[in-house]
Every structure is written in C-alpha cells, then in structure tokens.
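Each residue of the sequence shown is one higher than the last, beginning at 1 in UniProt numbering. Glycine included, every Cβ here is placed at the ideal spot set by N, Cα and C. Accompanying notes for the structure given below.
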Amino acid sequence: MNLRNDPENRITVSTIATSKVISAPPTMRIYGAIETLTQWGFRRLPIVDPGTHRLKGIITARDVIDFLGGGELFNLINVKHSGNFLAAINESVSKIMKTEVRTLRPDASLNEALEIILKDRIGGIPVVDEDGVLTGIVTERDVLKILCRSHAAYHVEDVMTRSLLVQQPDCLLSTVTKVMTEHQFRRLPIVKNDVLFGIITATDIVRYIGTGRVFEKLVTGNVGEVMNIPVRDLLSGNLFTTDPDATITDAARAMMAKKVGALPVIEQSRLVGLVTEFDLVKAFDSGVNNR
C-alpha cells in the first residue's frame with residue numbers, strides 16, 4: 001500500500017509529530033545549544049522566543065559541523081575570533097542558527113511532510129500554529145514508522161547507496177567536517193584495508209563537543225587543537241549493519257529499534273553500500289514494494 005496516494009489516508013502531522021519539543025532561546029550560547037543536542041540525543045534544536053514561544057530559527061548537527069570548519073559558519077571562529085574556539089562557542093546561538101525554516105501546520109497531511117523531506121532533503125520539520133508558535137516537530141523517523149507498517153518485498157540492495165565516499169581511521173576531524181559539509185552528508189563510513197571500522201556521524205562530532213571531551217585537547221584554545229584529532233577517536237562502539245537481501249521493512253524496523261539513521265550494508269564481510277532513513281522513506285513513498 002502506498003500511503004501517500006491512498007485516498008483513505010487521513011494521517012495528519014499532528015498525529016505523528018513529537019509534541020514535547022526541547023527548544024532554546026536565541027540568546028543561549030552556542031556551547032549550551034550543543035550541550036542540549038548532546039543531552040537529548042537530537043540532531044536539531046528549534047530556537048524560539050522565550051516569551052511567545054514563536055519559532056525564530058533552528059540549529060542542526062550539520063550547522064555545528066559547518067561551524068567547526070566545514071563551511072561559511074566557520075568564519076565566526078576563524079575570522080571574527082581569529083581561531084579562538086573558546087571565544088566563538090560563547091557567542092549566542094543566533095549567530096549560527098538558520099532563520100529561514102520550512103515548517104508545517106498541525107493539520108498538514110502526511111503527503112505535505114513527505115514533499116518537504118524528499119524534495120528539500122530535510123530530516124526534521126518544526127510544526128507551528130497560525131501564530132508561529134512551536135507545537136511539535138516531525139522527522140524522517142516519524143514518517144518512516146507510518147510508511148513501514150505495510151510489508152515490503154523490496155530489498156536493501158535495491159535502494160542502498162553503492163558509491164560511498166569513505167575515510168580512513170587516521171583521517172583528521174578537520175577533513176571530515178569539510179567533506180561532510182561539501183557533500184551535505186550526515187555520516188561517513190570509516191574504512192581501512194576493506195575493513196569497516198565504523199560510521200562517523202554528525203551526532204558523534206556534536207557529542208565530542210557537548211560532552212566536554214573537547215576541552216581535554218585544549219591548551220591555547222585554538223580551533224586547531226579541537227580539529228587535529230583522528231576520526232577513529234570519535235567512533236562509537238556500537239556498529240549495526242544489514243545485508244543486501246534484507247527487506248526494506250526489516251531495515252526500517254532495525255533502524256528504529258537501534259535508534260540509528262543508517263545501516264552499513266555488509267556482504268561477505270565487505271562494505272557494499274549504505275542505506276539511510278531517507279533512502280527508506282523514498283522507497284516506501286514511491287510504492288516500489290508493489291513492483
């Protein structure tokens with residue numbers, strides 16, 4: 001069943017969105033926002049006016065990667081603060097948040113959420129009422145939970161990404177943030193001699209800052225001390241994988257059970273692809289399971 005095109009589908013955003021949303025004011029320090037993302041295990045944090053609770057912007061894990069050296073937001077550290085990381089992370093989060101935010105109304109349909117996720121490649125969409133007050137947030141995972149209710153005969157090998165951009169364990173964090181930002185990736189496989197060491201994610205990098213581990217590397221406070229560490233030091237111990245013959249329903253359920261956004265695809269002990277929540281949402285939405 002393709003829920004998007006089903007005329008009987010009455011699913012609205014309010015029925016699947018998370019209503020208890022953690023948010024922050026524009027005056028919060030960048031470090032405080034990163035701590036909040038880490039504490040709750042989120043990839044995005046809505047920024048709201050503390051009095052009215054109206055949405056003012058959003059900061060995502062990708063913005064943090066950009067800020068650390070991946071893109072234009074790095075100018076806050078490199079130019080304004082001459083490379084002083086400690087000074088830059090004490091700036092207000094308003095300096096790096098996105099102010100042009102795609103939103104949905106509570107009565108928006110599942111179809112409208114899918115349009116934004118698939119066309120704009122946005123993993124989380126704030127839900128606001130007619131006054132712009134934040135009432136919830138709907139994510140790829142929320143949508144995937146609905147879409148994977150029907151059995152799918154389609155397999156992981158049919159939807160996974162095969163041409164992967166991989167990095168080696170000794171690659172520096174500064175290189176990883178640049179690659180992630182340039183290619184708009186949330187994660188990169190870490191491989192050496194055809195052996196998968198793990199997956200470095202934007203969340204792993206956010207956690208490195210938000211848990212305070214970053215301060216173990218600081219002597220002068222320069223950003224180079226933060227970024228000149230091998231990426232292997234940031235890999236989490238848990239690595240969940242799937243195989244090419246798994247159905248997309250099995251892959252979706254595994255992602256939700258393990259609370260991960262992607263699964264490396266392993267065949268004969270070798271990495272042959274990567275399947276993400278986005279890949280699965282796209283596959284279920286297109287109705288490929290009915291082919």
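Among the options, which residue has its Cα nearest to the Cα of residue i?
{"i": "Val265", "options": "Thr203, Pro189 and Lys217", "result": "Pro189"}
{"i": "Ser236", "options": "Thr201, Ala246 and Thr177", "result": "Thr201"}
{"i": "Met97", "options": "Asp63, Leu86 and Arg121", "result": "Asp63"}
{"i": "Ile199", "options": "Thr135, Pro169 and Gly212", "result": "Pro169"}
{"i": "Ile34", "options": "Val214, Thr242 and Ile229", "result": "Val214"}
{"i": "Asp285", "options": "Lys258, Ser150, Thr103 and Leu37", "result": "Ser150"}
{"i": "Asn78", "options": "Lys217, Asp131, Met227 and Phe185", "result": "Met227"}
{"i": "Gly210", "options": "Gln167, Lys80, Thr36 and Asn238", "result": "Thr36"}
{"i": "Leu173", "options": "Ala257, Glu100 and Ile229", "result": "Ile229"}
{"i": "Ala283", "options": "Ile47, Ala153 and Asp233", "result": "Ala153"}
{"i": "Arg43", "options": "Gly212, Phe240 and Val138", "result": "Val138"}
{"i": "Arg186", "options": "Val260, Ile248, Tyr31 and Leu114", "result": "Val260"}
Thinking C-beta only, is residue j closer than 7 Å to residue i?
{"i": "Leu45", "j": "Val128", "result": "no"}
{"i": "Ala108", "j": "Val13", "result": "yes"}
{"i": "Val133", "j": "His183", "result": "no"}
{"i": "Trp40", "j": "Ile22", "result": "yes"}
{"i": "Ala61", "j": "Val275", "result": "no"}
{"i": "Arg270", "j": "Asp194", "result": "yes"}
{"i": "Val191", "j": "Val166", "result": "yes"}
{"i": "Pro126", "j": "Thr103", "result": "yes"}
{"i": "Ile47", "j": "Leu110", "result": "no"}
Spatial neighbours of residue i within its chain, please: CB distance less than 7 Å, with the 5 preceding and 5 following residues excluded, ordered by chain position.
{"i": "Met180", "result": "Ile65, Gly70, Leu188 and Ala202"}
{"i": "Arg140", "result": "Rather than Arg, the amino acid found at residue 140 in this sequence is Glu. Closer than 7 Å at Cβ, skipping near neighbours: Ile117, Gly123, Glu277, Phe278 and Val281."}
{"i": "Glu8", "result": "Here Glu8 scores only 40 on pLDDT, less than 50, and its place in the model should not be relied on; the value that follows carries that caveat. Same-chain partners within the cutoff: there are none."}
{"i": "Tyr208", "result": "Val214 and Leu234"}
{"i": "Ala17", "result": "Val127, Gly136, Ile137, Val138 and Asp142"}
Starting from residue i and walking both ways along the beta strand (DSSP E), at which residues does that stretch end?
{"i": "Gly124", "result": "Gly124 to Val128"}
{"i": "Ala262", "result": "Ala262 to Glu267"}
{"i": "Ile59", "result": "Leu55 to Thr60"}
{"i": "Lys192", "result": "Arg187 to Lys192"}
{"i": "Val48", "result": "Arg44 to Val48"}
{"i": "Val272", "result": "Arg270 to Thr276"}
With a CB to CB cut of under 8 Å and the five nearest residues on each side skipped, what residues in its chain are close to residue i?
{"i": "Gly273", "result": "Val156, Glu157, Met160, Thr161, Arg162, Leu164, Pro244, Pro264 and Val265"}
{"i": "Arg29", "result": "Ile89, Asn90, Glu91, Ser92 and Val93"}
{"i": "Ser19", "result": "Thr135 and Gly136"}
{"i": "Leu76", "result": "Phe67, Ala88, Glu91, Lys95 and Ile96"}
{"i": "Gln268", "result": "none"}
{"i": "Leu239", "result": "Leu196, Gly198, Ile199 and Pro264"}
Could you give the first and the last residue of the continuous alpha helix (DSSP H) run that contains residue i?
{"i": "Phe85", "result": "Phe85 to Ala88"}
{"i": "Gly198", "result": "Per DSSP, Gly198 belongs to no alpha helix (DSSP H); it is in the beta strand (DSSP E), Val195 to Thr201."}
{"i": "Ile116", "result": "Leu110 to Asp120"}
{"i": "Arg253", "result": "Ile248 to Lys258"}
{"i": "Thr36", "result": "Ile30 to Trp40"}
{"i": "Thr181", "result": "Leu173 to His183"}
{"i": "Lys95", "result": "Here Lys95 belongs to no alpha helix (DSSP H), and DSSP marks it neither H nor E."}
{"i": "Ile16", "result": "Val13 to Ile16"}
{"i": "Gly136", "result": "Looking at the DSSP string, Gly136 is not in any alpha helix (DSSP H); the run it does join, the beta strand (DSSP E), is Leu134 to Thr139."}
Enumerate in chain order the residues of its own chain whose CB-to-CB distance from residue i is below 6 Å, with the five nearest sequence positions on each side excluded.
{"i": "Leu177", "result": "According to the sequence shown, residue 177 is Thr rather than Leu. Within the same chain, Thr177 has close Cβ partners Ile65, Leu68, Gly69 and Gly70."}
{"i": "Lys27", "result": "Here the sequence assigns Thr to residue 27, which means Lys is not the residue at that position. Only Ser92 meet the Cβ criterion."}
{"i": "Pro50", "result": "Pro25"}
{"i": "Leu218", "result": "Glu225"}
{"i": "Gly212", "result": "none"}
Cβ contact (3+ pairs, closer than 8 Å) linking the region 132 to 145 and the region 245 to 258: Enough Cβ pairs lie closer than 8 Å, so yes.
The region 76 to 86 touching the region 210 to 224, judged by at least three CB pairs closer than 8 Å: Yes, the region 76 to 86 touches the region 210 to 224.
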